[in-house]
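Quick note, the sequence shown lines up with residues 38 to 258 if you use this note's numbering. Even for Gly, the Cβ is constructed at its ideal location relative to N, Cα and C. Read the structure below first, then the notes.
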Amino acid sequence: MKVILFGASGMVGQGVLRACLEDPQVTEIIAVVRRPLGRNEPKLREVVHADFADLSQLEKDLAGADACFYTLGVSVAGKSHAEYELITYTYTVEAARVVAGDNPHLTFVYVSGEGTDSSEQGRAYWARVKGRTENALLAMDMRAYMFRPGMIQPLHGETSGTTWYRLFYKITSPLYPLLRRVAPRYVTSTEQLGRAMIATTRLDGAGPHIRSTAQINHLGT
């Protein structure tokens, strides 16, 4: 299975990359990045590209994939509406346009988040943009799945590139065992997310196409 990965340098992307490297079903991983990851793995090929709003030059590199795992994203904090929409909506839809192409059997998994607003009418700006992104992907001719995780436990040394996220995960990490007992439906891990994405490719397009944390964990066990 040939997999394309966006967001490989982020916390979730690191977990997904690890899962793909460990899974014998995945024979090739193409990571689309702005800067080299510095990894030397036989299955991994990095494609460095600056402008994620226009991926037309990469169409040949990204053709013929079986799956695309899209984990690229940013917090709305500190971002203008224009910046947030560019990264959240424009980048994501452009990636789907290029990798799906004439490939309706492609499995595209997008990590949005708990609270995403499919109606696009809610009060939270970020949730509306995420909802618009999900809706655009679901309307495309491919096997699209939306992952909406709640709290994510980083495992195996995966870390966020955002300073305050790193602090948050460091402070809350001792609480994860308790949270998993009292609120298992809202807690997952980078490991389970990675395994769940790979498992999604075996669904052959079957629904549901929007997956909650509990459903992600079920797929990732």
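Fill in: DSSP beta-bridge partners of V146
F106, Y182
Fill in: Closest residue to S226 among A243, T250, D241, L240 (Cα-Cα distance)
T250
Discussion item. I'd like to know whether the C-beta atoms of V166 and I189 end up nearer to each other than 9 Å.
Written reply: no
Worksheet item: Exposed or buried, what is A243 when buried is set at 16 or more other beta-carbons lying within 10 Å of its beta-carbon?
Response: exposed
Practice prompt. Helix, strand or coil for V136, going by three-state DSSP, please let me know.
Written response: helix
Worksheet item: Given that a residue counts as buried once 16 or more other Cβ atoms are within 10 Å of its Cβ, and exposed if not, what is E78?
Response: exposed
Worksheet entry | Contacts around L256, its chain only, beta-carbon distance under 6 Å, and the 5 residues preceding and following it disregarded | A233, A236
Fill in: Per-residue DSSP class, three states only, for S210
helix
Worksheet item: Rounded to a whole number of angstroms, what is the C-alpha to C-alpha distance between I124 and T258?
Response: 31 Å
Fill in: Any 3 or more C-beta pairs closer than 8 Å across the region 130-140 and the region 153-163
no
Worksheet item: Does DSSP put V70 in a helix, a strand or coil?
Response: strand
Practice prompt. Measure the alpha-carbon distance for K207 versus V111 and round it to whole angstroms.
Written response: 19 Å
Worksheet entry | Inter-residue Cα distance where the pair is F43 and L240 | 21 Å
Discussion item. Relative to the C-alpha of P114, which candidate in C105, R222, D91, A164 has its C-alpha closest?
Written reply: Correcting the residue identity first, residue 114 is Ala in this sequence and not Pro. Residue A164 is the option with its Cα nearest to A114.
Practice prompt. With DSSP collapsed to three states, give me the class of Q190.
Written response: strand
Worksheet item: Do V130 and L174 have their CB atoms nearer than 9 Å?
Response: yes
Fill in: Span of the beta strand (DSSP E), counted from its first residue to its last, around L81
81-85
Fill in: Status (buried if at least 16 other CB within 10 Å, exposed otherwise) for V120
The question names Val, yet the displayed sequence has Glu at residue 120. With fewer than 16 other Cβ atoms within 10 Å, it is exposed.
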